[in-house]
Amino acid sequence: MRTLQRSFQRAGYPLKYSEGFNPHPLLSVALPMSVGISSDCEILDFKMDNEPSDLELAAQSVTRALPEGLMIHEIYHPEVKVTAIKWLQIEGILDYDSGVSDDLISNLNDVFQQDSIEVLKKTKKGEQMFDCKPHLRNLMIQPFDDQKVKMTGMISAQNPTVNPNLLIKAIPEEWKPDFSRFHRIEVFDEEMNIFR
Amino acid sequence: MDSRLERILMQVEKPARYTGGEVNQIIKNKDNIDLRVAFCFPDTYEIGMSNLGMSILYHTMNSLDYVWCERVFAPWGDMAKAMTDAQIPLYALESGDPISDFDVLAFSIGYEMAYTTVLDMLSMAHLPLRSKERNDLTPLVIAGGSACVNAEPIADFIDLAIIGEGEEVNNELLALLHQAKASGWSKDQFLRSASDIQGIYVPGLYEPVYRDDGLIDHIEPNDGAVYPVKKRIIQDLDHVDFPVEPVIPTTEIVQDRVSLELFRGCVRGCRFCQAGYIYRPIRMKQSDRLVEQGKELLENTGYQDCTLLSLSTSDYRELMPLLNGLLEYCEPKSIGLSLPSLRADNFSMDIMDRIQRVRKSGLTFAVEGGSQRLRDAINKNVTEEDLLNTCKIAFSGGWNTVKLYYMLGLPTETDEDILGIAQMANAVLHCWRENAKNKNRGVKITISTSCFIPKPFSPFQWEQQISMDEYRRRVNLLKNSITAKNVTYKWHDPETSFIEAVLSRGDRRLADVLEYVWKHGGRLEAWEDYFNYDLWMEAFSQFGIDPSFYANRERTFEETLPWDVIDVGVFKKHLWNEREMCYQSTLSPDCRKQCSACGAARLLKKGCVCDS
Numbered sequence: 001m002r003t004l005q006r007s008f009q010r011a012g013y014p015l016k017y018s019e020g021f022n023p024h025p026l027l028s029v030a031l032p033m034s035v036g037i038s039s040d041c042e043i044l045d046f047k048m049d050n051e052p053s054d055l056e057l058a059a060q061s062v063t064r065a066l067p068e069g070l071m072i073h074e075i076y077h078p079e080v081k082v083t084a085i086k087w088l089q090i091e092g093i094l095d096y097d098s099g100v101s102d103d104l105i106s107n108l109n110d111v112f113q114q115d116s117i118e119v120l121k122k123t124k125k126g127e128q129m130f131d132c133k134p135h136l137r138n139l140m141i142q143p144f145d146d147q148k149v150k151m152t153g154m155i156s157a158q159n160p161t162v163n164p165n166l167l168i169k170a171i172p173e174e175w176k177p178d179f180s181r182f183h184r185i186e187v188f189d190e191e192m193n194i195f196r
Numbered sequence: 001m002d003s004r005l006e007r008i009l010m011q012v013e014k015p016a017r018y019t020g021g022e023v024n025q026i027i028k029n030k031d032n033i034d035l036r037v038a039f040c041f042p043d044t045y046e047i048g049m050s051n052l053g054m055s056i057l058y059h060t061m062n063s064l065d066y067v068w069c070e071r072v073f074a075p076w077g078d079m080a081k082a083m084t085d086a087q088i089p090l091y092a093l094e095s096g097d098p099i100s101d102f103d104v105l106a107f108s109i110g111y112e113m114a115y116t117t118v119l120d121m122l123s124m125a126h127l128p129l130r131s132k133e134r135n136d137l138t139p140l141v142i143a144g145g146s147a148c149v150n151a152e153p154i155a156d157f158i159d160l161a162i163i164g165e166g167e168e169v170n171n172e173l174l175a176l177l178h179q180a181k182a183s184g185w186s187k188d189q190f191l192r193s194a195s196d197i198q199g200i201y202v203p204g205l206y207e208p209v210y211r212d213d214g215l216i217d218h219i220e221p222n223d224g225a226v227y228p229v230k231k232r233i234i235q236d237l238d239h240v241d242f243p244v245e246p247v248i249p250t251t252e253i254v255q256d257r258v259s260l261e262l263f264r265g266c267v268r269g270c271r272f273c274q275a276g277y278i279y280r281p282i283r284m285k286q287s288d289r290l291v292e293q294g295k296e297l298l299e300n301t302g303y304q305d306c307t308l309l310s311l312s313t314s315d316y317r318e319l320m321p322l323l324n325g326l327l328e329y330c331e332p333k334s335i336g337l338s339l340p341s342l343r344a345d346n347f348s349m350d351i352m353d354r355i356q357r358v359r360k361s362g363l364t365f366a367v368e369g370g371s372q373r374l375r376d377a378i379n380k381n382v383t384e385e386d387l388l389n390t391c392k393i394a395f396s397g398g399w400n401t402v403k404l405y406y407m408l409g410l411p412t413e414t415d416e417d418i419l420g421i422a423q424m425a426n427a428v429l430h431c432w433r434e435n436a437k438n439k440n441r442g443v444k445i446t447i448s449t450s451c452f453i454p455k456p457f458s459p460f461q462w463e464q465q466i467s468m469d470e471y472r473r474r475v476n477l478l479k480n481s482i483t484a485k486n487v488t489y490k491w492h493d494p495e496t497s498f499i500e501a502v503l504s505r506g507d508r509r510l511a512d513v514l515e516y517v518w519k520h521g522g523r524l525e526a527w528e529d530y531f532n533y534d535l536w537m538e539a540f541s542q543f544g545i546d547p548s549f550y551a552n553r554e555r556t557f558e559e560t561l562p563w564d565v566i567d568v569g570v571f572k573k574h575l576w577n578e579r580e581m582c583y584q585s586t587l588s589p590d591c592r593k594q595c596s597a598c599g600a601a602r603l604l605k606k607g608c609v610c611d612s
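Printed below as a string of structure tokens:
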């Protein structure tokens with residue numbers, strides 16, 4: 001967050017600060033990300049001190065001030081609240097160091113075709129059993145190369161949040177990958193329209 | 001970056017410490033470079049990236065177009081283990097390349113407890129630890145920083161040390177290495193030639209000769225090497241190369257702010273303080289230059305805080321114009337200014353007005369001695385009246401947190417002096433009751449003590465450190481005399497101070513001890529999480545070394561000290577005079593009131609004076 005805030009400052013587009021005893025910049029990332037996740041579709045909700053007329057120029061300037069690997073696609077005035085974000089399209093690459101066996105792919109797909117997929121989820125109240133199935137759409141595993149498989153589909157972004165790590169947790173020990181990395185592709189609303 | 005790192009980074013704490021990729025990092029094309037330098041800071045990323053010296057020298061070394069200087073920090077325990085298990089060698093952040101292939105490994109050493117981490121980083125880089133075991137010209141292992149004024153404990157591990165300020169001498173060394181590489185010089189040829197550059201100490205050219213009683217008889221320079229080795233200073237701080245686009249960490253570090261260095265050296269001459277002596281002569285930066293640099297830095301970084309650095313900020317002559325100039329820029333942008341290192345005796349309403357922010361952090365003052373008599377003896381010219389006056393101003397202005405730092409074990413200290421600390425705390429509390437505007441918020445007074453460590457090149461370099469048991473006795477004495485409930489007493493453990501005292505005035509006979517401690521897991525010893533006192537004691541015992549010989553023994557003026565090979569400017573005789581005055585509880589005037597011809601002015605160009 002510091003990085004984002006300083007980049008706006010450096011680019012000449014300082015953020016607006018809250019009032020009161022402990023002012024902080026008005027900036028929030030709509031969908032929190034855990035370490036290791038990459039994304040093409042993060043939504044940043046923020047207020048600027050002096051709104052510029054040329055938002056495209058602002059996006060380019062702030063991008064230049066950001067560290068390598070971060071960029072701003074677009075800055076726009078929202079018409080909908082970020083609470084309307086419902087679905088997240090993801091892609092994961094799962095590593096199998098000893099190789100991808102023939103039946104691995106079908107076994108993995110079977111896991112996610114089940115009517116219910118129960119995993120132990122950590123919540124504020126402790127750990128609870130959580131059924132992921134209603135909060136997934138079109139989850140599919142395909143071959144990628146001889147040591148990796150690709151997982152694609154939609155997961156619930158909010159209410160509830162499905163962390164991709166839960167999907168890995170749902171895989172039985174014998175078919176668990178040695179490592180996985182996830183990428184966010186796009187965000188959608190309840191009706192499956194692209195959220196902006 | 002090694003692809004195995006992708007998996008390791010997901011398992012370790014704070015992985016952003018190990019990735020690089022920050023804004024303003026310097027990336028050069030490997031094919032156009034002749035010298036690769038690994039700038040190694042023997043502590044974690046968060047500590048090293050907060051170090052102004054490192055930021056300056058990273059910039060100045062990279063200004064040479066044939067040099068690529070990259071940063072390396074010590075991995076935390078979990079990462080170090082994961083890297084060692086996977087056999088991933090220590091790598092530089094910018095390129096991700098293993099540093100064993102670099103031409104120079106340059107260590108910045110600010111404190112003695114970093115020595116074992118230096119060894120650990122050499123080992124993680126897959127290099128032999130001892131200088132004698134590295135026969136090729138490169139990689140060259142060099143060290144700089146304030147701990148190098150006595151580099152003897154690590155003399156067998158490094159090829160050379162930089163004494164003093166590195167902005168110019170580092171580049172002269174790199175230019176010489178550039179030439180040596182091109183001409184095919186041997187390592188010995190290069191080191192001999194390097195030792196002719198002022199500020200470069202090649203330990204291999206000097207041999208300490210010991211007496212039967214274990215003291216040093218003399219230090220023998222070989223092959224015509226210069227004796228003593230004179231330190232380097234930057235004469236003109238206004239025009240020396242200074243980075244205005246520092247690397248901006250992506251993750252949180254200790255000092256997330258712009259740092260402005262106001263001046264080097266100190267006019268006060270407090271007798272326990274090594275820094276005040278080794279950074280003489282006093283040289284100031286002009287306030288308009290600082291305001292200019294400050295603005296540029298804030299614009300280029302986007303930081304919301306700026307800190308003014310020096311050994312004694314309230315002694316900076318142009319402080320008001322500087323504050324005014326900076327505030328003009330900072331106030332409308334809600335950028336905060338902090339001034340650490342303020343003296344307890346000249347905190348004024350003016351200064352206070354200017355550094356006030358919505359959030360008031362606490363005030364900290366280094367009082368050091370509990371009674372006026374002791375403060376005079378250590379030349380810390382602060383009176384109770386001054387301190388209480390400062391507290392009065394602070395309390396009426398709304399501050400309600402005050403920290404007072406003291407040392408226990410200072411030369412000539414008595415129990416009466418220690419009880420003076422408790423009396424002072426009561427006086428401060430009383431002052432709060434009389435002057436605070438809003439008493440409902442309460443007051444927090446913290447007394448903090450640490451064990452005095454005699455340091456090389458200070459007037460107390462001949463003193464003994466008190467034993468740990470004696471320190472604990474004094475702590476209890478103080479603890480029992482503090483009765484007020486809004487006064488908290490925190491004391492540092494004496495074990496770290498004892499080991500630091502051994503290393504600080506150590507000699508080459510400690511090399512085996514350092515290697516033993518490292519080999520048995522010693523690293524990041526400045527951290528409580530890792531410091532292992534028992535391991536050090538085991539190491540001393542293993543090599544038949546009595547650590548008290550270094551820490552608790554009083555030296556005589558006639559004794560040859562291990563660091564006599566180095567000349568930091570101030571005459572040894574001057575330091576001894578100051579020590580004598582301590583035993584008479586006599587103050588010395590500060591440099592502005594009266595010059596005592598300490599000797600540091602010799603380092604300035606002809607016709608120049610200190611503090612102008």
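The listed protein sequences derive, respectively, from chains A and B.
In terms of the numbering used here, the first sequence opens at residue 1 and continues consecutively.
In terms of the numbering used here, the second sequence opens at residue 1 and continues consecutively.
Glycine included, each C-beta is placed from N, C-alpha and C at the ideal position.
Interface residues of the stretch 6-19 of chain B facing chain A [CB-CB below 9 Å]:
Glu6, Arg7, Leu9, Met10, Pro15 and Ala16
Is there a Cβ from chain B that is less than 7 Å from the Cβ of glutamine 9/A?
Interface annotation, glutamine 9/A: in contact with chain B, CB-CB separation under 7 Å.
Determine the DSSP secondary structure at isoleucine 99/B, reduced to helix, strand or coil.
Note: isoleucine 99/B maps to helix in three-state DSSP.
Determine whether the Cβ of proline 52/A lies closer than 7 Å to any Cβ atom of chain B.
no
Residues near methionine 49/B in its chain [Cβ-Cβ closer than 6 Å; skip 5 each side]
Pro249 and Ile253
Taking the alpha-carbon positions, what's the isoleucine 141/A to serine 101/A distance?
13 Å
For phenylalanine 543/B, the three-state DSSP class (helix, strand or coil)
coil
C-alpha distance - valine 358/B paired with serine 338/B, whole-angstrom precision
Unreliable positioning characterises valine 358/B in this predicted model, as indicated by a pLDDT of 38, which lies under 50. The coordinate reading is nonetheless provided below. About 13 Å.
Near glutamate 173/A, which residues of its chain fall below 8 Å by C-beta distance, leaving aside the five closest residues on each side in sequence?
none
Under 7 Å from the C-beta of tyrosine 303/B: neighbouring residues of chain A
Arg6
Name the residue from Ile85/A, Asp115/A and Lys121/A whose alpha carbon lies nearest to the alpha carbon of glutamate 190/A.
Ile85/A
Compute the Euclidean distance between the alpha carbons of glutamate 127/A and valine 119/A, then round it to the nearest angstrom.
Between glutamate 127/A and valine 119/A, the C-alpha separation is close to 10 Å.
Among Pro243/B, Val267/B and Arg264/B, which residue has its Cα nearest to the Cα of valine 258/B?
Pro243/B
Measuring alpha carbon to alpha carbon, tell me which of Ser156/A, Asp146/A, Asp54/A and Asp45/A ends up nearest glycine 99/A.
Residue nearest to glycine 99/A within the set Ser156/A, Asp146/A, Asp54/A and Asp45/A is Asp146/A (criterion: CA-CA distance).
Could you check which residue in Glu168/B, Arg264/B, Phe452/B and Tyr303/B has the C-alpha nearest to that of valine 240/B?
Glu168/B
Taking proline 221/B and tyrosine 206/B to be in contact with their CB atoms under 8 Å, please state how far apart those CB atoms are, rounded to whole angstroms.
In this structure, proline 221/B and tyrosine 206/B form a Cβ contact; the two beta carbons are roughly 5 Å apart against a cut-off of 8 Å.
Return the chain-ordered list of same chain residues with a C-beta closer than 6 Å to the C-beta of cysteine 591/B, the five sequence neighbours on each side being excluded.
Val267
Looking at the secondary structure, which residues open and close the beta strand (DSSP E) in which glutamate 186/A lies?
179-188
Can you pull the chain A neighbours of serine 334/B, defined as C-beta to C-beta under 8 Å?
Tyr17 and Pro23
Straight-line CA distance for glycine 302/B to glutamate 245/B?
Whole-angstrom Cα-Cα distance: 11 Å.
Could you check what DSSP says for asparagine 138/A in three-state terms: helix, strand or coil?
strand
Hey, would you say proline 75/B sits closer than 7 Å to histidine 126/B, going by beta carbons?
no
Please classify glutamate 578/B: is it buried, with 16 or more other beta-carbons within 10 angstroms of its beta-carbon, or exposed?
buried
Can you tell me whether threonine 483/B is buried or exposed, with buried defined as 16 or more other CB within 10 angstroms of its CB?
By the Cβ-count criterion, threonine 483/B is exposed, with fewer than 16 other Cβ atoms from all chains shown falling within 10 Å of its own Cβ.
Where do the N-terminal and C-terminal ends of the beta strand (DSSP E) with serine 450/B fall, by residue?
444-451
Kindly confirm or deny that the stretch 525-539 of chain B and the stretch 448-466 of chain B touch, where touching means at least three C-beta pairs closer than 8 Å.
No contact exists between the stretch 525-539 of chain B and the stretch 448-466 of chain B.
Distance cut-off 6 Å: valine 254/B Cβ against heavy atoms of the ligand PLP
No copy of the ligand PLP occurs in the structure displayed, which carries no ligand at all.
Note the first and the last residue of the continuous alpha helix (DSSP H) segment covering lysine 181/B.
166-183
Answer with buried or exposed for asparagine 135/B, where buried requires no fewer than 16 other C-beta atoms within 10 angstroms of its C-beta.
exposed
At a CB-CB cut-off below 7 Å, which residues of chain B make contact with threonine 3/A?
Thr250
Taking 7 Å as the CB-CB cut-off, is valine 23/B touching chain A?
Valine 23/B belongs to the set of residues whose beta carbon lies under 7 Å from a beta carbon in chain A.
Give a yes or no on whether the minimum CB-CB distance between glycine 126/A and chain B is below 7 Å.
no
For valine 162/A, go through chain B and note every residue whose CB falls closer than 8 Å to its CB, in chain order.
Listed along the chain, the chain B residues whose CB falls inside 8 Å of the CB of valine 162/A amount to none; the nearest CB is some 19 Å away.
Just verifying my parser: in three-state terms, what is the DSSP assignment at phenylalanine 395/B?
helix
If you drop the 5 nearest sequence neighbours on each side, which residues of the same chain put their C-beta closer than 8 Å to that of glutamine 5/A?
Leu15, Pro25 and Leu27
For the alpha helix (DSSP H) containing phenylalanine 557/B, list its first residue and its last residue.
No alpha helix (DSSP H) holds phenylalanine 557/B; DSSP gives it neither H nor E.
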